[in-house]
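Data block below; observations after.
Protein chains: 2
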Amino acid sequence: MKLDNIISEPSRILQGSRIPEAYSVNEHSEKVNLHAVAYPLNTQEVVDLVKYANQNDLVIITYGANTGLAEATSAFGGELIIDLSKMNQIIDFDLDTLTLVVEPGVTNGEVQQYVESKGYFYPPDPGAKHGSIGGNVATNAGGMRAVKYGTTRDYVRKMEIVLANGDVIETGSVAIKNSSGYNLNHLFIGSEGTLGIITKVYLKVIPLPKFKQSYIAAFPSLDDAAEAVLSILRNGLDITAVEFFERRAIAYSEQLLNKTFPSENGVAYLLMTFDGMHEAVIQEEAQRLEKITHDHYAVEFLVLSEEDSLTAWDLRDNILAGILTISEQEPLDYSVPVNEFVNFFKYTHEVEANSGLNFISFGHAGDGNIHSSILRADLTQDEWQKKKHEILTNLYAYVSEVGGLPSAEHGIGLVKKPYFKQVMSSEYLHYLKQIKMAFDPDNRLNPGKIFD
Amino acid sequence: MKLDNIISEPSRILQGSRIPEAYSVNEHSEKVNLHAVAYPLNTQEVVDLVKYANQNDLVIITYGANTGLAEATSAFGGELIIDLSKMNQIIDFDLDTLTLVVEPGVTNGEVQQYVESKGYFYPPDPGAKHGSIGGNVATNAGGMRAVKYGTTRDYVRKMEIVLANGDVIETGSVAIKNSSGYNLNHLFIGSEGTLGIITKVYLKVIPLPKFKQSYIAAFPSLDDAAEAVLSILRNGLDITAVEFFERRAIAYSEQLLNKTFPSENGVAYLLMTFDGMHEAVIQEEAQRLEKITHDHYAVEFLVLSEEDSLTAWDLRDNILAGILTISEQEPLDYSVPVNEFVNFFKYTHEVEANSGLNFISFGHAGDGNIHSSILRADLTQDEWQKKKHEILTNLYAYVSEVGGLPSAEHGIGLVKKPYFKQVMSSEYLHYLKQIKMAFDPDNRLNPGKIFD
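Just so you know, the protein sequences line up as chains W and F, in that order.
The first sequence lines up with residues 1 to 452 when you count with full-length UniProt numbering.
The second sequence lines up with residues 1 to 452 when you count with full-length UniProt numbering.
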């Protein structure tokens, strides 16, 4: 079989110099040679490409929208890239079971817009709205609303998957409850393209909340803000989002967007949202929320207008982009028990003081997911790699010590692989590799990611 | 190593004639010879027992409270039974992360009572409150409240597991978000003792809802009741439980308990609950609920007093027990898309008419989980097995045709194994077996369950 027997349109098979740099230049600005980049339109073409890869002993890397932050799609050379961005159709929306069936190349933003226009809601809300649903599933993407609604994992009812030998299986079911053998759905979710190629996803959607209101609480210290978060959770407030950041983190995006954050008081902020079907409940919970923040010494509590709410969330969404305008940086994504959240902010302050590197932290406080950015500033590449590695080795050891994990929602990919190895037991990694072998004995799908 | 070096107390190692029939007599009343029944008290003893089984090439079956309905713990002869019922301690309750740490032998009822006494809530609520948490995890037990709160799977943060070779691993994390390699937590949940032995479970608990109210709607037909359920779900009512049964199903438990169901009208019932933190919301939703049921021709809508609520739920919980007083029966547990629910009730009526066998159906309408009971009545054992097999073969083919699954919350075990094989593709089963081999290459843990 030849590639042009599988896909006859030249625009959907790129080889040699026709391959864009987005695929062939890695994060260290090194160019690698790829076998080809293919853009299949349907499952059969994916199957044929996989069989072609088997016949020619090629490694396959599956691409979505390339918004990942863990280098899970980096190439080493010689690979067949299967880019699913043209498999981007919404196939069906079944209102009886509230199931949306999509191809993997549909973006998260498209899914959200589509279902909201019909009065329904797809809660997973990662920062990159142009990320693909296939990629969201492959990394178990989370986002702002995970504290109330969970992550992508909680919204996948069923999938169609092409395996390493070209077998096509269906995992999960549109039926809600499932105790019928090992749960392959959950195994493939978060497997970063190493176990199979997702060609169809059946998503769970829910009725759209009728009311939504955001708030800002400004605190005089990190500790006060963090204690307030624990109080909010412990009191059973049904909060949709609780974002935590320091004044200086939001300053980067203020500069980038040329917008002003609604509060100028305090040094640490909580940006929070309630949503639901009952306005009175939101108002009642907001009163409890305000009281809790005051009990924890908040210097300001703002009920945001729609305009201020858009500004505040836009600034929050752009913290990372703001930081990137200043310096190259390493984006982190660790996950700690919620009561350890503040300790990591303190720890990163210590690291800053000791290392001389800027270390900006912000995160999803309601679920213990911290996004720290370590800034390269003016270090040479060698100094930067060395210093970064030293900081990360200590950081991940501390994360592990408190029972946390190196990745909450970005995945392990290539960037966190050494640290994943550092913190997991060798027995644990052994069994992950055994699972990989069970599905992909030739190590054909995205080898070298997550583990060696 | 000898067994009495591992466990020195004779009361915790039973062999020969000291083994109770509960372990050694199978569902066909056949007695099998077992190697031993051991009652370990801690993880180290479990590890030593597993190593002993490896040295002596014994098969291991793990027991919880023996409340399973899928014969997942049936013995074939020669096995070492590891009964975890004496590992029954509540180890820790961490209020910061709302995590309850328990040994596997603690029962579901004990967990519910313990956390409720402290103002918290463990939602998974299978019929058998004396089932063990280890067993709940091994079957992904569901129950009445799954429509709002999900199943056991959604409440397991982390586990300690002893593997087939005696390795001990930890899966999952107390940290909420996890995108760190393949999710082993979810793989072990629902694996029915075939992949490892659960020795510690970290459960997620939530704040206890302050208000709870149950309702009965009586309908003139199955169709009307089923359409009402779809309307309730589609309208976004945040309902905790929606149980569906026919008049004649509840009649069995009325007879058994000598109690009267609060409604005597109609032929099909919905027994429903709302719970939550806001009484006004429950009242408002109840008004919407009442309107929906009236729109679907309900002949009665009752807001239950506490006493009537207890009676109604007690009668619901005892449908199966009531049926059992009349006849031997086969308890089913299939899972279908919610909009197929009523079709299966109609189908079972047809089967009854054609087969001459009674086929009582009831179930968790809100999540498409149907518990049918086929009654043996006065058939001979041969006739019963033959007729039952014919009915089940057709039933599971139909379940599969609509995208459903043979088990929603009981597991496959031994009883559904032939039908699981019938409805799943051979490729799918191949990969399940590959996973089994990855964790248990000697096929030492509960072999012959789920698949051959």
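Built from N, CA and C at the ideal position, the CB exists for glycine as well.
Given that E330/W touches chain F, what residues does it touch there, using C-beta distances under 8 Å?
As a first step, residue 330/W must be located in the first sequence, where it is residue number 330. Correct list: empty, because the minimum Cβ distance to chain F is about 17 Å.
DSSP three-state assignment for K210/F, whether helix, strand or coil
Mapped onto the second sequence, residue 210/F falls at position 210. Coil at K210/F, not helix or strand.
Of the choices Y52/F, K158/F, R145/F, L80/F, whose alpha-carbon is the least far from that of L100/F?
Position 100 of the second sequence, counted from the first residue, corresponds to residue 100/F. Looking at the Cα atoms, K158/F is the closest of the given residues.
Could you pull the DSSP bridge partners for L14/W from this structure?
If you number the first sequence from 1, residue 14/W lands on position 14. Answer by DSSP bridge pairing, in chain order: V37/W.
If distances are taken between C-alpha atoms only, which option among K259/W, K200/W, Q287/W comes closest to I232/W?
Here residue 232/W is taken as the residue at index 232 of the first sequence, counted from 1. Taking only the C-alpha atoms, the option nearest I232/W is Q287/W.
What does the alpha-carbon distance come out to for the pair S132/W and R234/F?
In the first sequence, counting from the first residue as 1, residue 132/W sits at position 132. In the second sequence, counting from the first residue as 1, residue 234/F sits at position 234. In a straight line, the C-alpha of S132/W is about 27 Å away from that of R234/F.
Buried or exposed by the 16-neighbour rule on C-beta atoms within 10 Å, applied to L310/F
If you number the second sequence from 1, residue 310/F lands on position 310. Its Cβ having fewer than 16 others within 10 Å, L310/F is exposed.
Following the continuous alpha helix (DSSP H) through M437/F, name the residue where it begins and the one where it ends.
By one-based count along the second sequence, residue 437/F stands at place 437. Residues 426-439.
Given a threshold of 16 other Cβ atoms within 10 Å of its Cβ, counted over all protein chains shown, does H389/W qualify as buried or as exposed?
Within the first sequence, numbered from 1, the residue matching residue 389/W stands at position 389. Per the 10 Å Cβ criterion, exposed.
Quick check: L392/W and Y419/W, are their CB atoms within less than 8 Å of each other?
For the purposes of this step, residue 392/W is taken as the residue at position 392 of the first sequence. For the purposes of this step, residue 419/W is taken as the residue at position 419 of the first sequence. It is a contact, given that the beta carbons lie within the stated cut-off.
Complete beta strand (DSSP E) runs within the stretch 174-202 of chain F (minimum length 3 residues, chain order)
none
Along chain F, which residues have their Cβ under 7 Å away from the Cβ of Y428/W?
Counting from 1 along the first sequence, the entry for residue 428/W is found at position 428. Result: I169.
Whose Cβ in chain W lies nearer than 7 Å to the Cβ of G411/F?
Your numbering for residue 411/F matches position 411 in the second sequence. Simply S179.
Could you tell me which residues DSSP puts in a beta bridge with M159/W?
One-based indexing of the first sequence puts residue 159/W at position 159. T171/W, V201/W.
DSSP state of Q89/W, grouped into three classes?
As a working mapping, residue 89/W is identified with position 89 in the first sequence. Coil, per DSSP.
Start-to-end residues for the alpha helix (DSSP H) that takes in S29/W
Position 29 of the first sequence, counted from the first residue, corresponds to residue 29/W. Note, S29/W: premise wrong, no alpha helix (DSSP H); not H, not E.
Which residue from D48/W, I435/W, E300/W puts its Cα closest to that of Y39/W?
Taking the first sequence and counting its residues from 1, the one referred to as residue 39/W is at position 39. When each option's Cα is compared against that of Y39/W, the closest is D48/W.
How many Å lie between F362/F and T171/W at the Cα?
Mapped onto the second sequence, residue 362/F falls at position 362. Mapped onto the first sequence, residue 171/W falls at position 171. If I take the Cα positions, the gap works out to 27 Å.
I398/F and G322/F look like a contact to me (Cβ under 8 Å); what is the Cβ gap, rounded to whole Å?
Along the second sequence, one-based indexing puts residue 398/F at 398. Along the second sequence, one-based indexing puts residue 322/F at 322. Contrary to the premise, residue 398/F reads as Tyr rather than Ile in this sequence. So it is not a contact: roughly 26 Å between Cβ atoms.
Quick check: is the beta carbon of P126/W nearer than 8 Å to any beta carbon in chain F?
Working through the first sequence from its first residue, we reach residue 126/W at position 126. No, P126/W does not count as interfacial toward chain F.
Since G105/W contacts H130/W with CB under 8 Å, what's their CB separation in whole angstroms?
Taking the first sequence and counting its residues from 1, one reaches residue 105/W at position 105. Taking the first sequence and counting its residues from 1, one reaches residue 130/W at position 130. No, G105/W and H130/W are not in contact; Cβ-Cβ is about 11 Å, not under 8 Å.
Amino acids of chain F, ordered along the chain, whose beta-carbon sits closer than 9 Å to that of Q287/W:
As a working note, residue 287/W is residue 287 in the first sequence. Those do not exist, as Q287/W stays about 13 Å from chain F at its closest Cβ, beyond 9 Å.
Closer than 9 Å at the beta carbon, the chain W residues around Y431/F
Reading the second sequence from its first residue, position 431 is the one you call residue 431/F. Ordered by position in chain W, the residues that pass the 9 Å Cβ test against Y431/F are L163, D167, I169, Y182, L184, A438, F439.
Figure out for me which residue from P447/W, E340/W, K417/W, A377/W has the closest Cα to the Cα of V402/W.
The residue given as residue 402/W occupies position 402 in the first sequence. Checked all of P447/W, E340/W, K417/W, A377/W; the closest Cα to V402/W is E340/W.
Beta carbon proximity, G68/W to chain F, threshold 8 Å
Your numbering for residue 68/W matches position 68 in the first sequence. Judged by the 8 Å Cβ criterion, G68/W is not in contact with chain F.
Leaving out the 5 sequence neighbours to the left and right, which residues in its chain are closer than 8 Å to M53/W when beta-carbon positions are compared?
For the purposes of this step, residue 53/W is identified with residue 53 of the first sequence, where counting begins at 1. What sits at residue 53/W in the sequence shown is Ala, not Met. Contacts found: V59, I60, L80, R444.
In chain order, what residues of the same chain have a beta carbon less than 8 Å from the beta carbon of H186/F, not counting five sequence neighbours either side?
What you label residue 186/F is simply residue 186 of the second sequence in a count that begins at 1. Only R153 meet the Cβ criterion.
According to the neighbour-count rule (16 or more other Cβ atoms, all chains shown, within 10 Å of its Cβ), is M1/W buried or exposed?
Residue 1/W sits at position 1 when you count from the first residue of the first sequence. So M1/W counts as exposed.
In the stretch 362-424 of chain W, which residue ranges form an unbroken beta strand (DSSP E) of at least 3 residues, counting only runs that do not cross its ends?
369-375
Extent of the continuous beta strand (DSSP E) to which L271/F belongs
Counting from 1 along the second sequence, the entry for residue 271/F is found at position 271. 268-276 is the span of the beta strand (DSSP E), which, as asked, contains L271/F.
Just the Cα atoms here: how many angstroms apart are E285/F and L230/F?
Here residue 285/F is taken as the residue at index 285 of the second sequence, counted from 1. Here residue 230/F is taken as the residue at index 230 of the second sequence, counted from 1. For E285/F and L230/F, the distance between alpha carbons rounds to 16 Å.
According to DSSP, residues forming a beta bridge with V59/W:
The residue you call residue 59/W lines up with position 59 of the first sequence. In the DSSP output, where bridge partners are listed per residue, V59/W has none listed.
Is the beta carbon of I161/W less than 8 Å from the beta carbon of I198/W?
Translated into positions along the first sequence, residue 161/W becomes position 161. Translated into positions along the first sequence, residue 198/W becomes position 198. It is a contact, given that the beta carbons lie within the stated cut-off.
Excluding the five sequence neighbours on either side, which residues of its own chain have a C-beta within less than 6 Å of the C-beta of A72/W, listed in chain order?
Here residue 72/W refers to the residue found at position 72 when the first sequence is read from its first residue. Same-chain partners within the cutoff: E192, G411, G413, K449.
Helix, strand or coil at V342/W [DSSP, three-state]:
Reading the first sequence from its first residue, position 342 is the one you call residue 342/W. Note: V342/W maps to helix in three-state DSSP.
If we ignore side chains and look at the alpha-carbon of each, how far apart do N5/W and Y23/W end up?
Indexing the first sequence from 1 puts residue 5/W at position 5. Indexing the first sequence from 1 puts residue 23/W at position 23. Taking the straight line from one Cα to the other gives about 23 Å.
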